[in-house]
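Participant: Add 46 to a position in the sequence shown, counting from 1, and you land on the number used in this note's numbering.
Ideal placement from N, C-alpha and C gives every residue a C-beta, glycine not left out.
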Amino acid sequence: MEYVRAFFVGGLLCAIVQLVIDRGKWTPAGVAGSLVVLGVLLGFGGVYDRLAVWAGAGATMPLSGFGYWLAKGVMAEPRPEGFVETGAAVFRFAGALFSFIVAGSFAAALTCKPKG
Numbered sequence: 047m048e049y050v051r052a053f054f055v056g057g058l059l060c061a062i063v064q065l066v067i068d069r070g071k072w073t074p075a076g077v078a079g080s081l082v083v084l085g086v087l088l089g090f091g092g093v094y095d096r097l098a099v100w101a102g103a104g105a106t107m108p109l110s111g112f113g114y115w116l117a118k119g120v121m122a123e124p125r126p127e128g129f130v131e132t133g134a135a136v137f138r139f140a141g142a143l144f145s146f147i148v149a150g151s152f153a154a155a156l157t158c159k160p161k162g
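(1) Quick one: grab the DSSP three-state call for R96.
(2) Which value, in whole angstroms, describes the spacing of the CA atoms of A103 and L81?
(3) On the DSSP letters alone, give me the boundaries of the alpha helix (DSSP H) that K161 sits inside.
(4) Buried or exposed for T106, please, with buried defined as at least 16 other CB atoms from any protein chain shown within 10 angstroms of its CB.
(5) Measure how close the beta-carbons of G89 and Y114 come, nearest whole angstrom, since I'm counting them as under 8 Å.
(6) Grouping DSSP H, G and I as helix and E and B as strand, with all else coil, what is E127?
(7) Would you call the CB atoms of F137 and G119 closer than 8 Å?
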């Protein structure tokens, strides 16, 4: 049942985002940025915690889940003081994800042919 919930929630989030891009006047980059900000806000509010527990990877894999991990890193720190400590707290949970994104982008750049 966990797989069904993850599939349903992830698919629903992606379908809503696709409708916003297709029917709205939002650019894909604007929607992506909004999803990260929404994930941070819902993460700080404690709403995304319940969704992530219930839906698992269906909630944490979209871009809103990335924002949730950023917020979770800041909340895990007892009380970050200053800009540097807050930035370090953000990367506590999201650092591995950033590393994977950079390595994956590098591998894609080496294996794919540019269109131009």
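Facilitator: Quick look at the numbers:
(1) Indexing the sequence shown from 1 puts residue 96 at position 50. DSSP, read as helix, strand or coil, puts R96 in helix.
(2) For the purposes of this step, residue 103 is identified with residue 57 of the sequence shown, where counting begins at 1. For the purposes of this step, residue 81 is identified with residue 35 of the sequence shown, where counting begins at 1. If I take the Cα positions, the gap works out to 16 Å.
(3) Counted from its first residue, the sequence shown places residue 161 at position 115. Counting along the chain, K161 falls outside any alpha helix (DSSP H), and DSSP gives it neither H nor E.
(4) Here the question's residue 106 lines up with position 60 in the sequence shown. By the 10 Å Cβ count, T106 comes out buried.
(5) By one-based count along the sequence shown, residue 89 stands at place 43. By one-based count along the sequence shown, residue 114 stands at place 68. Sure, about 4 Å apart at Cβ, within 8 Å.
(6) Locating residue 127 in the sequence shown gives position 81, where the first residue counts as 1. Three-state DSSP puts E127 in coil, outside helix and strand.
(7) Start at 1 with the first residue of the sequence shown, and residue 137 comes out as number 91. Start at 1 with the first residue of the sequence shown, and residue 119 comes out as number 73. Their beta carbons are under 8 Å apart, which means F137 touches G119 by this criterion.
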